[in-house]
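A.B. asks: Got a structure for you, written out below as C-alpha cells; questions coming shortly.
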Amino acid sequence: MANIAIVFGSKEGQTGKIAGFIADTLTEQGHAVELVDGRRPPTAFALEACDGVIVGSSVHVGKHDKKIVEFVTQNLDALQKRPSAFFSVSLTAVGTEDPDKDRSDLERLLAEFSAQTDWHPDTVGVFAGALRYSQYNPIVRFVMKRIAGRHGGETDTSRDYEYTDWEGVTRFVKTFLGMLNT
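Residue numbering for the sequence shown follows the numbering used here, beginning at 0 and increasing consecutively.
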C-alpha cells in the first residue's frame, strides 16, 4: 500500500470530479489517498510524506490554473523525487472537426505548463472537461455557447454536457500505478 497525494485545481468542478474518481480508484486498489484542493492546500500538507503524487489542473482561457502552476513550482524538488503524474482537463480535448489543430493546441498547453514549472512528470493525461451551462452567468453562458458552436460543440444551454472519457482516466491511473510499483 502506498501513500498517494492527488492535488488538483478545479474552477467549475470537472477537474475535482476527475480527481475524486482517481482517488476512489486508488483507494479500491488498497492505497491511502490524500485529496488536496491545490487552490487552497492545508498548511500541514507535505509531499514528503507521499510515495507518489498526481497533480491535475483545469484549463481556462488557454491557461492552466495559476494556483497549480504555483504549487508545482514551489514543490518541484519533492515532485521530482517520487513517481508523479499530471492530468490536464479542458474542452480543447473534446475534439472538433480539426483534430490536428486540437492536438497542436493540447501539445502547446502542455509545453507551456512544462516551461512555466520546469516539471516533467512521469506520465501525463489529457481529459476532456464539461460544459456547465447551468453554472455560468448569462455572459459566460453566451460566450461558451458561441465558442462551442464554432467548434461543433453542444449549444443547448438548458443542460450541461460532460465529455470526460472515464475509461481513459482509468488507463491513466493504471499507468501511474505501474510506475509506482516498479
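The beta carbon of each residue, even a glycine, is placed where N, CA and C say it ideally should be.
Tell whether a beta-carbon distance below 7 Å holds between tryptophan 118 and valine 168.
C.D. replies: Indexing the sequence shown from 1 puts residue 118 at position 119. Indexing the sequence shown from 1 puts residue 168 at position 169. Not closer than 7 Å, so no.
A.B. asks: Would you grab the beta carbon distance between alanine 1 and glycine 51 for me? Rounded to a whole angstrom, and I think it's under 8 Å.
C.D. replies: What you label residue 1 is simply residue 2 of the sequence shown in a count that begins at 1. What you label residue 51 is simply residue 52 of the sequence shown in a count that begins at 1. Indeed they touch by this definition, with Cβ atoms about 6 Å apart.
A.B. asks: Less than 7 Å between C-beta atoms, sequence neighbours within five positions excluded: which residues of the same chain meet that for aspartate 164?
C.D. replies: The count along the sequence shown starts at 1 and reaches residue 164 at position 165. Correct list, in chain order: Phe126 and Ala127.
A.B. asks: Are at least three pairs of beta-carbons, each pair with one atom in the segment 152–163 and one in the segment 128–138, less than 8 Å apart?
C.D. replies: Verdict: yes, contact present.
A.B. asks: Report the residue from Gly61, Glu111 and Ala84 whose alpha carbon sits nearest the alpha carbon of leucine 90.
C.D. replies: Taking the first residue of the sequence shown as position 1, residue 90 is located at position 91. Ranking Gly61, Glu111 and Ala84 by Cα distance to leucine 90 puts Gly61 first.
A.B. asks: Can at least three beta-carbon pairs, one atom from the segment 40–54 and one from the segment 4–12, be found at a separation below 8 Å?
C.D. replies: Yes: the two stretches touch, three or more of their Cβ pairs being nearer than 8 Å.
A.B. asks: Compare the beta carbon distance of valine 68 and glutamine 115 with 7 Å and say whether it is the shorter of the two.
C.D. replies: As a first step, residue 68 is located in the sequence shown; it is residue number 69 there, counting from the start. As a first step, residue 115 is located in the sequence shown; it is residue number 116 there, counting from the start. Yes, they are a contact pair.
A.B. asks: For valine 32, which residues from the same chain have a beta carbon less than 7 Å from its beta carbon, with the 5 sequence-adjacent residues on both sides left out?
C.D. replies: Position 33 of the sequence shown, counting from 1, holds the residue named residue 32. For valine 32, where only same-chain residues beyond five positions count, the Cβ hits under 7 Å are Ile3, Ile5, Ala22, Leu25 and Thr26.
A.B. asks: Pull the bridge partners of serine 57 from the DSSP assignment, please.
C.D. replies: If you number the sequence shown from 1, residue 57 lands on position 58. Val88.
A.B. asks: Suppose you measure from the CA of proline 41 to the CA of histidine 150; what does that come to, to the nearest Å?
C.D. replies: Here residue 41 refers to the residue found at position 42 of the sequence shown. Here residue 150 refers to the residue found at position 151 of the sequence shown. Distance between the alpha carbons of proline 41 and histidine 150: 39 Å.
A.B. asks: May I have the straight-line CA-CA distance separating glutamate 47 from serine 103, to the nearest angstrom?
C.D. replies: In the sequence shown, residue 47 corresponds to position 48, counting from 1. In the sequence shown, residue 103 corresponds to position 104, counting from 1. Spanning the two alpha carbons is a distance of roughly 35 Å.
A.B. asks: Is the Cβ-Cβ distance between glycine 55 and threonine 14 less than 7 Å?
C.D. replies: In the sequence shown, residue 55 corresponds to position 56, counting from 1. In the sequence shown, residue 14 corresponds to position 15, counting from 1. The answer is yes: Cβ separation under 7 Å.
A.B. asks: Between the alpha carbons of serine 83 and valine 172, how many angstroms are there, rounded?
C.D. replies: For the purposes of this step, residue 83 is taken as residue 84 along the sequence shown, with counting starting at 1. For the purposes of this step, residue 172 is taken as residue 173 along the sequence shown, with counting starting at 1. For serine 83 and valine 172, the distance between alpha carbons rounds to 11 Å.
A.B. asks: Given alanine 45, which residues of its chain have a CB within under 6 Å of its CB, disregarding the five upstream and five downstream residues?
C.D. replies: For the purposes of this step, residue 45 is identified with residue 46 of the sequence shown, where counting begins at 1. Cβ neighbours of alanine 45 beyond the five flanking positions: none.
A.B. asks: In or out: glycine 37 buried (at least 16 other Cβ within 10 Å) or exposed?
C.D. replies: Numbered from 1 along the sequence shown, position 38 holds the residue referred to as residue 37. So glycine 37 counts as buried.
A.B. asks: Whole angstroms is fine: what's the gap from valine 139's alpha carbon to serine 133's?
C.D. replies: Position 140 of the sequence shown holds residue 139. Position 134 of the sequence shown holds residue 133. Straight-line Cα distance between these residues: approximately 11 Å.
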